[in-house]
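Visitor: Numbering (this note's numbering), first residue to last: 466 to 759.
Heads up, the beta-carbon is just placed ideally off N, CA and C, and yes, glycines get one too.
If you scroll down you'll find the structure; I have some questions about it.
Below you can see the structure in the form of structure tokens.
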């Protein structure tokens, strides 16, 4: 696919949450963080397909993903390589709606010249990560006024659990960007806090000419609500129940952009629950700030 430049337009900054932090490891433990640091007493089941499942094996082999990451020696390097791969496989058009959520269907349409929205970038990237054995999930960012905006109320990408870093990391294939605080990759809530604290060491990992300054001014408006899918298996029928992280002082949104009802969602104020590490089994349970086998 021919080379492209991802163009970001500056939009008004969204609501900024007050938080102070001295390092990336302290961002989620800040006393000013608008989320609970203790995990919810109720467990939330997370499910992931094995990379050896029929669907993910076919995805990995059909698109040569082992070759994409072959030269990388770290999980962060593999994340950057897969982010770039998806970035150049898809073409963005925020007005084009794609009906299927199947990564194969999205890539087939892209090969035929069809453009997609940010949602499709996140879905394809999550599948690519899972296919090479890196647990990943789509991540949906929503603005504080998600219920009253008529349009442009959210953004979609992916988060991946990088084993050698030991944390969830935000990866935006549409922009070809992984947020970094110094040498540490960040998840979406850590990015929110770093932006609120005006950290000067906030930068990006990218394979293209994407610029940190413009990207962060644009994406900051969406870093208020965060939701993901609890069932991330492939090739199975699922209700695709979601889990949304909501600031402790905020209401729980039930409508997206005035008219679209938010279905099959659970709500939590706990960052520990939302960012619990995955286990080595396919069924994962986030509880007490960690993960246990079911």
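1) Could you tell me the boundaries of the alpha helix (DSSP H) in which residue 679 lies?
2) Please list the terminal residues of the continuous alpha helix (DSSP H) segment that includes residue 547.
3) Measuring straight from C-alpha to C-alpha, what distance separates residue 590 and residue 733?
4) Tell me which residues share the same chain as residue 610 and place their Cβ nearer than 6 angstroms to its Cβ, disregarding the 5 neighbours each side in the sequence.
5) Using a Cβ-Cβ cut-off of 8 angstroms, state whether residue 562 counts as contacting chain B.
6) Let's see if you can read the secondary structure: which residues bound the alpha helix (DSSP H) around residue 520?
7) Given that a residue counts as buried once 16 or more other Cβ atoms are within 10 Å of its Cβ, and exposed if not, what is residue 728?
8) Taking 7 angstroms as the cut-off, is the CB of residue 700 close to at least one heavy atom of the ligand ADP?
9) Does residue 505 pass the burial test, meaning 16 or more other C-beta atoms within 10 Å, or should it be called exposed?
10) Tell me where the beta strand (DSSP E) around residue 730 begins and ends.
11) Using only CA atoms, which one of 542, 595, 541, 546 lies nearest to residue 512?
12) Could you name the residues of the same chain whose beta carbon sits closer than 6 angstroms to that of residue 601, not counting the 5 residues immediately before and after it, in chain order?
13) Could you compute how far the alpha carbon of residue 567 sits from the alpha carbon of residue 585?
14) How big is the Cα-Cα spacing for residue 730 and residue 709?
15) Only counting the same chain, and skipping five residues up and downstream in sequence, which positions put a Cβ closer than 7 angstroms to that of residue 672?
16) What residue range does the alpha helix (DSSP H) around residue 536 cover?
17) Here's the rule: buried if 16 or more other CB atoms are within 10 angstroms of the residue's CB, otherwise exposed. What is residue 741?
18) Looking only at C-alpha atoms, which of 516, 707, 501 sits nearest to residue 599?
19) Since residue 619 sits in a beta bridge, which residues does DSSP pair it with?
20) Residue 675 to residue 639, Cα distance in whole Å?
21) Which first and last residues belong to the alpha helix (DSSP H) in which residue 599 is found?
22) Run through the DSSP bridge pairs and tell me what residue 557 is partnered with.
23) Beta-carbon within less than 8 angstroms of residue 489's beta-carbon, same chain only, minus the 5 sequence neighbours each way: which residues are those?
24) By DSSP, does residue 725 sit in helix, in strand, or in coil?
25) What span of residues does the beta strand (DSSP E) with residue 642 cover, start to end?
26) DSSP on residue 700, reduced to helix/strand/coil?
27) At the level of alpha carbons, what is the spacing between residue 483 and residue 677?
28) If you check the beta carbons only, do residue 528 and residue 606 fall under 8 angstroms apart?
Guide: In terms of the structure at hand:
1) 677-684
2) 540-554
3) 25 angstroms
4) none
5) In the structure shown, chain B cannot be found, because there is only a single protein chain.
6) 519-527
7) exposed
8) As far as ligands go, the structure on display features none, and thus does not contain the ligand ADP.
9) buried
10) 730-733
11) 595
12) 591, 594, 595, 623, 625
13) 9 angstroms
14) 7 angstroms
15) 545, 549, 641
16) Segment: none, residue 536 is in no alpha helix (DSSP H) and carries neither H nor E.
17) buried
18) 516
19) 607
20) 10 angstroms
21) Per DSSP, residue 599 belongs to no alpha helix (DSSP H) and is neither H nor E.
22) 581
23) At residue 489 the pLDDT is 48, less than 50, meaning the model places this residue with poor confidence; the figure from the coordinates comes in the next sentence. Cβ neighbours of residue 489 beyond the five flanking positions: 646, 647, 649, 651, 655, 659.
24) strand
25) Premise fails: residue 642 is in no beta strand (DSSP E) and is neither H nor E.
26) coil
27) Residue confidence for residue 483 is low, a pLDDT of 29 falling below 50, so the modelled location carries little weight and cannot support an answer.
28) no
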